[in-house]
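Q: Quick one: the structure is below, questions incoming.
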Amino acid sequence: MTKKYIHIADLIYKDKVGIATEEEQRELRDWLDESDFNRQVFDELSKGSTLSRSYEEYRAIHREQVWNRIEQQIAPRRRNLSWRWMGYAASVVVLIVAGWFMGTMSGHKGKHEDVKTVAVISPGERKAILHLEEGKKVVLGGRNGVIVDDSLSGRIEQVNEALFYQSEAGMKEERMNVLEIPRGGEFNVTLADGTRVWLNAGTKLTYPVAFVGDERHVRLEGEAYFEVKRDEDKPFVVDLNGMKVTVLGTSFNLKSFKEDGRTTATLVSGKVEVEAGARKIVLEPNQQANLFVGKDSLEIREVDAEAYRAWTKGQFVFRRERLESILDDVARWYNVTVFYEQAGAKDIVFSGIMERFADISETLKMLEKTGKVSFAVDEKKIIVRLR
Amino acid sequence: MLDVFMNRNYSIILKNGTRLEFKQVFNQYFNSLVLFADRYLKEREECESLVQDTFLALWENRLEFPDEISIKAYLYTTVRNKALNVLKHRKVEQEYMNDVLQEEDSELYYMKSVIEEETRRLIFSAIDSLPEHARKVCLLNLEGLDNQDIANELKISLNTVKFHKKNAYQLLRDKLKDKFYLLFLV
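Read top to bottom, the protein sequences are chains C and P.
Residue numbers for the first sequence follow the working numbering, so the first one is 8 and each next one is one higher.
Residue numbers for the second sequence follow the working numbering, so the first one is 240 and each next one is one higher.
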């Protein structure tokens, strides 16, 4: 009904200032004929004498101060804002350069018609399933709001499409929650200790609603980027597929999908200790530890760590990455499956930057422009061919 | 150069693809919503903080709106609900508020309040875009005064009244392109 009242107000306004169309005038007349009350409302508004008094009242309200208070509450922290915009600006520049470069290199036009915009495939969105300890499931991503607020779990709330935990002092029990991100999804959570976690598509994170013991312990399957809140007395420990990562307060990306056959820890800042089997190493920023399935070796290499967390900023960044690994990421994000006509295509190495929220055809076109592979899209299947 | 990217822009992106500036929505609605809340609460300071909360709630839900009219409806509905909550709370404190609440809880009271505030909002924001003299002339004109009455009221000559009306008319036309003409000024 509110929408109707607003619409009627619009009609009255137009009528008063003489800009109502005939159609609108008729609509207003019909409404006035509906009831005496309607006519009363209209007459009240047409009584000019009240207008300038209410205009003075209207003008006397000062909203600047209120706006300042609102702005303080909604403003993102300065650093985050600049990072996001700088990342965006940089990606635009890189894309333009890459586009120009690749266009010049391939030199063939009209060769990329295999990839069409297919409506059934869309980029991922913010969604997740929260499994509470008592077996209850909550689908996240739609409306914001409080999910749980009690003395056992503290307060669990979805704010601005992210999950927030607030524990209460004196909580003794570590009730476990699982946050599950389906393929074609991503989500953020701020844990009870203030640690922020970005979760990628096809990922599960298990954690307590409050960190009670000597360690802050969580378990990960899939890919997540952590910004761990510093607490010297309580190390933060992540268990993932045979690897144990221990930190005090740093940021790092962890990735371990079954189909990848490896577990990767990439350090962005601070210091982390990585343990696998009998081996234990300490990573410095821009170092990456790789643990391969079936091998007992922990390999360390130097990388551009920012590239490995680019997904949290809406990009795919690949630095000399195998096509199979690139397309695994793409497949999880767009929720598609990939078929290779020739297994050899999997091992071709690519570098590049792509937008996560672009249409999948854009992403595939960029890979095609290298002239090494071509793609065909059939419903939710991507077929890869060697050129 | 960084400053270019640091400009604070708070956008509300509607599901139909339109992008609204949050601050503009705030500027267009804050005053009217305070007056609207005042119809229920009759206590200005309380109204302002209630409307402030409403805008924070709007911001939190900013990805949920299909179109502009849904935002307007959300603002009025939310302010009303919050105001009724306050009233119910007051009622517990003061039994005699009972009758008042009954009237104010009614749909008719709500309809009247929304239509009046929204109509005035549209008129005031049109008038606000005019320079001072044209504004005064406009307002009196809207009150039903004729040119001579306006001249007397503002202690200016009849020709000056006519000049301001013409001027205001031209300004609004220029400003609003062909969107709407304030023909009452001619």
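All C-beta atoms in this analysis are idealised placements derived from N, C-alpha and C, irrespective of residue type, glycine included.
A quick note: this is a predicted structure, and the numbers were derived from the prediction, not measured.
What is the residue span of the alpha helix (DSSP H) that Asp-335(C) lies within?
A: To locate residue 335(C), count along the first sequence from 1; it is residue 328. Counting along the chain, the alpha helix (DSSP H) containing Asp-335(C) begins and ends at 330-341.
Q: What is the DSSP secondary structure of Asp-385(C), counted as helix, strand or coil?
A: Mapped onto the first sequence, residue 385(C) falls at position 378. Note: Asp-385(C) maps to strand in three-state DSSP.
Q: Could you check the C-alpha separation between Arg-339(C) and Val-219(C) for me, to the nearest Å?
A: On the first sequence, position 332 is the one that residue 339(C) refers to. On the first sequence, position 212 is the one that residue 219(C) refers to. Taking the straight line from one Cα to the other gives about 34 angstroms.
Q: I believe Val-225(C) touches Ser-174(C) by the beta-carbon criterion, under 8 angstroms. Please report the beta-carbon distance rounded to the nearest angstrom.
A: Indexing the first sequence from 1 puts residue 225(C) at position 218. Indexing the first sequence from 1 puts residue 174(C) at position 167. Not a contact, Cβ separation roughly 14 angstroms.
Q: Please go through the same chain and pick out, in chain order, the residues whose beta-carbon is closer than 6 angstroms to the beta-carbon of Trp-205(C), but skip the five residues on each side of it.
A: Translated into the one-based positions of the first sequence, residue 205(C) becomes position 198. Cβ neighbours of Trp-205(C) beyond the five flanking positions: Asn-195, Tyr-232 and Thr-319.
Q: Hey, does Asn-391(P) have any beta-carbon neighbour from chain C nearer than 7 angstroms?
A: Residue numbering aside, residue 391(P) sits at position 152 when the second sequence is read from its first letter. Asn-391(P) does not count as touching chain C.
Q: How far does the beta strand (DSSP E) with Val-356(C) in it reach, from first residue to last?
A: Along the first sequence, read from residue 1 onward, the residue named residue 356(C) stands at position 349. Residues 356-362.
Q: Is the beta carbon of Leu-400(C) sitting closer than 7 angstroms to the one on Leu-170(C)?
A: Given a span of 8 to 394 for chain C in the structure shown, any question on residue 400(C) remains unanswerable.
Q: Check whether the Cβ of Tyr-279(P) lies closer than 7 angstroms to any Cβ atom in chain C.
A: Translated into the one-based positions of the second sequence, residue 279(P) becomes position 40. It does not: the Cβ of Tyr-279(P) has no partner Cβ on chain C nearer than 7 angstroms.
Q: Three Cβ pairs or more, each shorter than 8 angstroms: is that satisfied between the stretch 291-303 of chain C and the stretch 316-333 of chain C?
A: Flag = no, the stretch 291-303 of chain C and the stretch 316-333 of chain C do not touch.
Q: Return the CA-CA distance between Val-155(C) and Tyr-349(P), expressed in angstroms with no decimal places.
A: Residue numbering aside, residue 155(C) sits at position 148 when the first sequence is read from its first letter. Residue numbering aside, residue 349(P) sits at position 110 when the second sequence is read from its first letter. For Val-155(C) and Tyr-349(P), the distance between alpha carbons rounds to 33 angstroms.
Q: Within the stretch 140-185 of chain C, note down every full beta strand (DSSP E) run reaching 3 residues or more, in order along the chain.
A: Fully enclosed beta strand (DSSP E) runs of 3 or longer: 144-147, 152-157, 161-166 and 169-173.
Q: Is Leu-255(C) near Glu-280(C), with beta carbons less than 7 angstroms apart?
A: Residue mapping note: residue 255(C) aligns to position 248 of the first sequence, counting from 1. Residue mapping note: residue 280(C) aligns to position 273 of the first sequence, counting from 1. The answer is no: Cβ separation not under 7 angstroms.
Q: Give a yes or no on whether the minimum CB-CB distance between Thr-399(P) and chain C is below 7 angstroms.
A: Within the second sequence, the letter at position 160 stands for residue 399(P). Closer than 7 angstroms: no.
Q: Beta-carbon of Gly-94(C) versus every beta-carbon of chain P: anything under 7 angstroms?
A: What you label residue 94(C) is simply residue 87 of the first sequence in a count that begins at 1. Bear in mind that a pLDDT of 48 at Gly-94(C), under 50, signals an unreliable position, so the number given afterwards is only what the model happens to contain. Taking Cβ atoms only, chain P never reaches closer than 7 angstroms to Gly-94(C), which makes this a no.
Q: Are there 16 or more other CB atoms within 10 angstroms of the CB of Thr-257(P), so buried, or fewer, so exposed?
A: In the second sequence, residue 257(P) corresponds to position 18, counting from 1. It is exposed - the Cβ of Thr-257(P) has fewer than 16 other Cβ atoms within 10 Å.
Q: Which same chain residues end up closer than 8 angstroms to Ala-27(C) when comparing Cβ atoms and leaving out the 5 residues on each side of it in sequence?
A: Taking the first sequence and counting its residues from 1, one reaches residue 27(C) at position 20. Here the set comprises Leu-18, Lys-21 and Leu-35.
Q: With DSSP as the reference, please indicate the residues paired to Thr-197(C) in a beta bridge.
A: The count along the first sequence starts at 1 and reaches residue 197(C) at position 190. In the DSSP output, where bridge partners are listed per residue, Thr-197(C) has Phe-171(C) and Arg-203(C).
Q: What does DSSP give as the partner residue(s) for Glu-230(C) in the beta ladder?
A: Counted from its first residue, the first sequence places residue 230(C) at position 223. Answer is Lys-262(C), bridged to Glu-230(C).
Q: Could you give the distance in angstroms between the alpha-carbon of Lys-181(P) and the alpha-carbon of Phe-275(P)?
A: With chain P covering 240 to 425 only, the question about residue 181(P) has no answer from this structure.
Q: Just checking, does the stretch 370-379 of chain C make contact with the stretch 264-281 of chain P on the three C-beta pairs under 8 angstroms criterion?
A: Output reads no: the stretch 264-281 of chain P does not touch the stretch 370-379 of chain C.
Q: Can you tell which of Ser-309(P), Glu-287(P), Ile-310(P) and Asn-300(P) has its C-alpha closest to the C-alpha of Lys-321(P)?
A: In the second sequence, residue 321(P) corresponds to position 82, counting from 1. Nearest of Ser-309(P), Glu-287(P), Ile-310(P) and Asn-300(P) to Lys-321(P), Cα basis: Glu-287(P).
Q: Counting along the chain, where does the alpha helix (DSSP H) carrying Lys-21(C) start and finish?
A: Taking the first sequence and counting its residues from 1, one reaches residue 21(C) at position 14. Lys-21(C) -> alpha helix (DSSP H) spans 9-23.
Q: From the beta carbon of Thr-270(C), is the nearest beta carbon of chain P less than 7 angstroms away?
A: Position 263 of the first sequence, counted from the start, is the residue given in the question as residue 270(C). It does not: the Cβ of Thr-270(C) has no partner Cβ on chain P nearer than 7 angstroms.
Q: Would Arg-190(C) and Asn-75(C) qualify as a contact pair, given that the criterion is a beta-carbon distance under 7 angstroms?
A: To locate residue 190(C), count along the first sequence from 1; it is residue 183. To locate residue 75(C), count along the first sequence from 1; it is residue 68. No, these two residues do not count as a Cβ contact at 7 angstroms.
Q: Would you identify the three-state DSSP class for Arg-237(C), choosing helix, strand or coil?
A: Translated into the one-based positions of the first sequence, residue 237(C) becomes position 230. Coil.
Q: Starting from Thr-478(C), find everything on chain P with Cβ-Cβ shorter than 7 angstroms and list it in chain order.
A: Because chain C is modelled from 8 through 394, residue 478(C) falls outside the range shown and cannot be assessed.
Q: Excluding the five sequence neighbours on either side, which residues of its own chain have a C-beta within less than 6 angstroms of the C-beta of Arg-301(P), listed in chain order?
A: As a position in the second sequence, residue 301(P) is number 62, starting the count at 1. So the list reads Ile-251, once near-sequence residues are dropped.
Q: Measure the Cβ-Cβ separation of Gly-277(C) and Lys-236(C) and say whether it is below 7 angstroms.
A: Here residue 277(C) corresponds to residue number 270 of the first sequence, with the count starting at 1. Here residue 236(C) corresponds to residue number 229 of the first sequence, with the count starting at 1. The answer is no: Cβ separation not under 7 angstroms.
Q: Would DSSP call Leu-393(C) helix, strand or coil?
A: Taking the first sequence and counting its residues from 1, one reaches residue 393(C) at position 386. Leu-393(C): strand per DSSP, three-state reduction.
Q: Could you confirm whether any beta carbon from chain C is found closer than 7 angstroms to the beta carbon of Leu-378(P)?
A: Taking the first residue of the second sequence as 1, we reach residue 378(P) at position 139. True, the Cβ-Cβ gap to chain C drops below 7 angstroms.
Q: Do you know offhand how far Leu-39(C)'s Cα is from Gln-32(C)'s?
A: By one-based count along the first sequence, residue 39(C) stands at place 32. By one-based count along the first sequence, residue 32(C) stands at place 25. Distance between the alpha carbons of Leu-39(C) and Gln-32(C): 11 angstroms.
Q: Quick one: residues in its chain with C-beta nearer than 7 angstroms to the C-beta of Ser-381(C), no 5 flanking neighbours on either side, listed in chain order?
A: Walking along the first sequence from the start, residue 381(C) turns up at place 374. These residues qualify, in order along the chain: Asp-121, Glu-375, Arg-392 and Arg-394.
Q: Count the CB pairs spanning the stretch 382-394 of chain P and the stretch 355-370 of chain P that are closer than 8 angstroms, and state whether there are at least three.
A: With a cut-off of 8 angstroms, the stretch 355-370 of chain P and the stretch 382-394 of chain P do not count as touching, because too few Cβ pairs lie within range.
Q: Taking Phe-323(C) as the reference, which of Asn-207(C), Arg-162(C), Ser-160(C) and Glu-64(C) has the closest Cα?
A: Along the first sequence, read from residue 1 onward, the residue named residue 323(C) stands at position 316. Answer by Cα proximity: Asn-207(C).
Q: If we call anything under 7 angstroms between Cβ atoms a contact, is Val-275(C) one with Ala-317(C)?
A: Mapped onto the first sequence, residue 275(C) falls at position 268. Mapped onto the first sequence, residue 317(C) falls at position 310. Not a contact, by the Cβ cut-off of 7 angstroms.
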